[in-house]
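J.: Residue numbers (UniProt numbering): 1 to 193.
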Amino acid sequence: MAVLLCAFFAGLGMIVSGLGGSDGPPRPTGADGAGPRPHEPLPPARPAQVRIPAVGVDAPLMATGLDEAGWVAAPPANVKNLAGWYRGATAPGANGTAIIVGHVDNRVGPAVFYNAGKLKPGTTIQIDRKDGRTAVFSVYRVRLYSVDNFPAKKVYGRNGMPELRLLTCGGKYVPGQGYEANTVVYARLTGVR
(Lines of atoms letter the chains of each structure in order from A; the text may use other names.)
(Lines give C-alpha, C1' and ligand atoms only; values in the text may rest on other atoms or scores of the structure.)
Protein backbone atom coordinates (compact mmCIF):
# COMPACT_ATOMS: atom_id res chain seq x y z
CA MET A 1 0.00 0.00 0.00
CA ALA A 2 1.30 3.44 -0.82
CA VAL A 3 2.01 6.05 1.81
CA LEU A 4 -0.36 8.93 2.57
CA LEU A 5 1.69 12.01 1.75
CA CYS A 6 0.51 15.50 2.54
CA ALA A 7 2.83 16.94 -0.08
CA PHE A 8 0.96 14.85 -2.64
CA PHE A 9 -2.37 16.26 -1.48
CA ALA A 10 -0.96 19.76 -1.84
CA GLY A 11 0.20 18.96 -5.35
CA LEU A 12 -3.38 18.20 -6.27
CA GLY A 13 -4.55 21.44 -4.71
CA MET A 14 -6.34 19.65 -1.90
CA ILE A 15 -4.49 21.29 0.97
CA VAL A 16 -4.07 24.91 0.11
CA SER A 17 -4.55 27.22 3.02
CA GLY A 18 -2.03 26.25 5.65
CA LEU A 19 -4.26 28.36 7.90
CA GLY A 20 -2.60 31.62 7.06
CA GLY A 21 1.03 30.60 7.45
CA SER A 22 0.69 29.39 11.05
CA ASP A 23 2.95 26.72 12.47
CA GLY A 24 0.22 24.27 11.56
CA PRO A 25 -2.26 22.23 13.54
CA PRO A 26 -1.64 21.01 17.11
CA ARG A 27 1.38 18.70 17.35
CA PRO A 28 1.38 15.37 19.18
CA THR A 29 3.14 15.17 22.54
CA GLY A 30 4.84 11.87 21.69
CA ALA A 31 3.64 10.11 24.85
CA ASP A 32 2.73 6.42 24.69
CA GLY A 33 0.26 4.56 26.86
CA ALA A 34 -0.61 0.92 27.42
CA GLY A 35 -4.34 1.63 27.52
CA PRO A 36 -7.16 -0.78 28.30
CA ARG A 37 -7.02 -4.45 27.46
CA PRO A 38 -7.70 -5.26 23.78
CA HIS A 39 -11.16 -6.54 22.79
CA GLU A 40 -11.81 -9.60 20.65
CA PRO A 41 -12.13 -8.86 16.90
CA LEU A 42 -15.53 -8.23 15.34
CA PRO A 43 -16.70 -9.63 12.02
CA PRO A 44 -16.09 -7.17 9.15
CA ALA A 45 -18.74 -4.48 8.58
CA ARG A 46 -18.60 -1.18 6.70
CA PRO A 47 -17.98 1.86 8.89
CA ALA A 48 -20.44 4.76 8.77
CA GLN A 49 -19.33 7.44 11.25
CA VAL A 50 -16.24 8.43 13.25
CA ARG A 51 -16.64 10.15 16.61
CA ILE A 52 -13.90 11.52 18.83
CA PRO A 53 -15.70 13.40 21.63
CA ALA A 54 -12.45 14.69 23.18
CA VAL A 55 -11.80 16.92 20.15
CA GLY A 56 -15.35 17.42 18.88
CA VAL A 57 -15.18 15.10 15.86
CA ASP A 58 -18.47 13.61 14.63
CA ALA A 59 -18.13 12.94 10.92
CA PRO A 60 -19.50 10.58 8.30
CA LEU A 61 -17.11 8.11 6.67
CA MET A 62 -16.86 7.47 2.95
CA ALA A 63 -15.02 4.54 1.40
CA THR A 64 -11.79 5.48 -0.38
CA GLY A 65 -9.29 3.55 -2.43
CA LEU A 66 -6.05 4.35 -4.14
CA ASP A 67 -5.78 7.16 -6.66
CA GLU A 68 -4.09 6.85 -10.07
CA ALA A 69 -0.66 7.46 -8.54
CA GLY A 70 -1.14 4.69 -5.95
CA TRP A 71 -1.68 6.94 -2.92
CA VAL A 72 -4.47 6.45 -0.41
CA ALA A 73 -7.18 8.80 -1.65
CA ALA A 74 -8.52 11.38 0.76
CA PRO A 75 -12.13 12.55 0.84
CA PRO A 76 -13.02 15.70 -1.12
CA ALA A 77 -11.17 18.69 0.37
CA ASN A 78 -14.15 21.01 0.00
CA VAL A 79 -16.13 19.04 2.62
CA LYS A 80 -14.44 19.81 5.93
CA ASN A 81 -16.46 17.40 8.12
CA LEU A 82 -15.86 14.16 6.21
CA ALA A 83 -13.36 11.35 6.74
CA GLY A 84 -12.42 8.41 4.56
CA TRP A 85 -12.03 4.71 5.34
CA TYR A 86 -9.47 3.00 3.09
CA ARG A 87 -11.43 -0.01 1.82
CA GLY A 88 -8.21 -1.82 0.83
CA ALA A 89 -7.48 -2.35 4.53
CA THR A 90 -9.60 -4.12 7.11
CA ALA A 91 -12.93 -2.80 8.40
CA PRO A 92 -12.70 -1.02 11.78
CA GLY A 93 -13.14 -3.58 14.55
CA ALA A 94 -12.16 -6.58 12.43
CA ASN A 95 -8.78 -8.23 12.84
CA GLY A 96 -6.02 -6.15 11.24
CA THR A 97 -5.26 -2.47 10.81
CA ALA A 98 -8.10 -0.19 9.66
CA ILE A 99 -7.09 3.10 8.02
CA ILE A 100 -9.10 6.34 8.44
CA VAL A 101 -7.92 9.49 6.62
CA GLY A 102 -9.11 13.07 6.66
CA HIS A 103 -8.00 16.60 5.99
CA VAL A 104 -6.45 18.87 8.59
CA ASP A 105 -7.75 22.00 6.86
CA ASN A 106 -9.08 23.38 3.60
CA ARG A 107 -9.56 26.78 1.95
CA VAL A 108 -11.97 27.98 4.64
CA GLY A 109 -10.19 26.78 7.78
CA PRO A 110 -9.78 23.76 10.05
CA ALA A 111 -11.19 20.44 8.81
CA VAL A 112 -12.23 17.16 10.42
CA PHE A 113 -8.85 16.08 11.87
CA TYR A 114 -7.35 19.49 12.67
CA ASN A 115 -7.06 18.59 16.36
CA ALA A 116 -5.74 15.03 15.89
CA GLY A 117 -2.39 16.11 17.35
CA LYS A 118 -4.15 16.89 20.65
CA LEU A 119 -5.19 13.27 21.17
CA LYS A 120 -3.52 11.52 24.08
CA PRO A 121 -3.18 7.88 25.14
CA GLY A 122 -6.50 6.70 26.57
CA THR A 123 -8.65 8.95 24.35
CA THR A 124 -11.48 6.98 22.72
CA ILE A 125 -12.34 6.92 19.03
CA GLN A 126 -15.75 5.49 18.20
CA ILE A 127 -16.57 4.02 14.81
CA ASP A 128 -20.27 3.43 14.13
CA ARG A 129 -20.65 0.45 11.81
CA LYS A 130 -23.39 -0.51 9.35
CA ASP A 131 -24.10 -3.68 11.40
CA GLY A 132 -25.41 -1.49 14.25
CA ARG A 133 -22.37 -1.92 16.47
CA THR A 134 -19.96 0.79 17.58
CA ALA A 135 -16.31 -0.22 17.69
CA VAL A 136 -14.55 1.67 20.50
CA PHE A 137 -10.82 2.19 20.07
CA SER A 138 -8.40 3.55 22.67
CA VAL A 139 -5.48 5.68 21.54
CA TYR A 140 -2.09 4.39 22.67
CA ARG A 141 0.26 6.52 20.56
CA VAL A 142 0.21 9.72 18.47
CA ARG A 143 3.16 10.54 16.24
CA LEU A 144 4.24 13.18 13.75
CA TYR A 145 6.25 11.73 10.84
CA SER A 146 8.07 13.72 8.18
CA VAL A 147 6.71 13.00 4.71
CA ASP A 148 10.28 12.08 3.73
CA ASN A 149 10.63 9.48 6.51
CA PHE A 150 7.15 7.98 6.76
CA PRO A 151 7.37 4.47 8.34
CA ALA A 152 4.79 2.76 6.13
CA LYS A 153 5.32 -0.75 7.53
CA LYS A 154 4.92 0.48 11.11
CA VAL A 155 1.82 2.54 10.30
CA TYR A 156 0.00 0.16 7.95
CA GLY A 157 1.37 -3.19 9.13
CA ARG A 158 -0.84 -5.95 10.47
CA ASN A 159 -0.14 -7.02 14.02
CA GLY A 160 -2.69 -9.75 14.67
CA MET A 161 -5.29 -7.69 16.52
CA PRO A 162 -7.96 -5.12 15.63
CA GLU A 163 -6.26 -1.74 15.36
CA LEU A 164 -7.02 1.66 13.88
CA ARG A 165 -4.78 4.28 12.30
CA LEU A 166 -6.09 7.78 11.86
CA LEU A 167 -3.98 9.85 9.44
CA THR A 168 -3.94 13.52 8.54
CA CYS A 169 -1.44 16.20 7.57
CA GLY A 170 0.64 17.79 10.29
CA GLY A 171 3.59 19.95 11.08
CA LYS A 172 4.23 23.23 9.35
CA TYR A 173 2.62 24.22 6.06
CA VAL A 174 5.14 25.04 3.33
CA PRO A 175 3.58 27.22 0.59
CA GLY A 176 3.70 25.52 -2.79
CA GLN A 177 4.61 22.16 -1.24
CA GLY A 178 2.05 21.35 1.44
CA TYR A 179 2.43 20.11 4.99
CA GLU A 180 5.85 18.83 6.01
CA ALA A 181 4.54 15.85 7.99
CA ASN A 182 1.72 13.44 8.75
CA THR A 183 0.03 13.05 12.12
CA VAL A 184 -0.68 9.37 12.81
CA VAL A 185 -2.92 8.22 15.65
CA TYR A 186 -2.50 4.59 16.77
CA ALA A 187 -5.45 2.96 18.55
CA ARG A 188 -6.62 -0.56 19.41
CA LEU A 189 -10.11 -2.00 19.79
CA THR A 190 -11.03 -1.97 23.49
CA GLY A 191 -14.82 -2.15 23.49
CA VAL A 192 -18.03 -2.63 21.54
CA ARG A 193 -21.41 -0.98 22.01
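Backbone N, C-alpha and C define an ideal beta-carbon position, used for all residues, glycine too. Just so we're clear, the structure is a prediction, and the values are computed from it rather than from any experiment.
At a cut of 8 Å, does the segment 140–158 reach the segment 172–187 through at least three beta carbon pairs?
T.: yes
J.: Using DSSP with H/G/I as helix, E/B as strand and the rest coil, what is A116?
T.: helix
J.: Quick check on DSSP: helix, strand or coil for A73?
T.: coil
J.: Determine the contact status of G84 and P92, defining contact as a CB-CB distance below 9 Å.
T.: No.
J.: Take K130 as the anchor and find which of G157, R46 and P28 has the nearest alpha-carbon.
T.: Nearest of G157, R46 and P28 to K130, Cα basis: R46.
J.: Nearest-angstrom Cα distance between Y156 and I99?
T.: 8 Å
J.: Hey, quick one: how far does the alpha helix (DSSP H) through A152 stretch, first residue to last?
T.: A152 to Y156
J.: With a threshold of 16 other CB atoms inside 10 Å of the CB of A77, please say whether the residue is buried or exposed.
T.: buried
J.: Can you list, in chain order, the residues of its chain whose CB lies under 6 Å from that of N95, leaving out five sequence neighbours each side?
T.: P41 and P162
J.: Can you check which of these residues, L189, V185 and Q126, is closest to K154 by C-alpha distance?
T.: V185
J.: Report the partner residues of M62 according to the DSSP bridge assignment.
T.: G84
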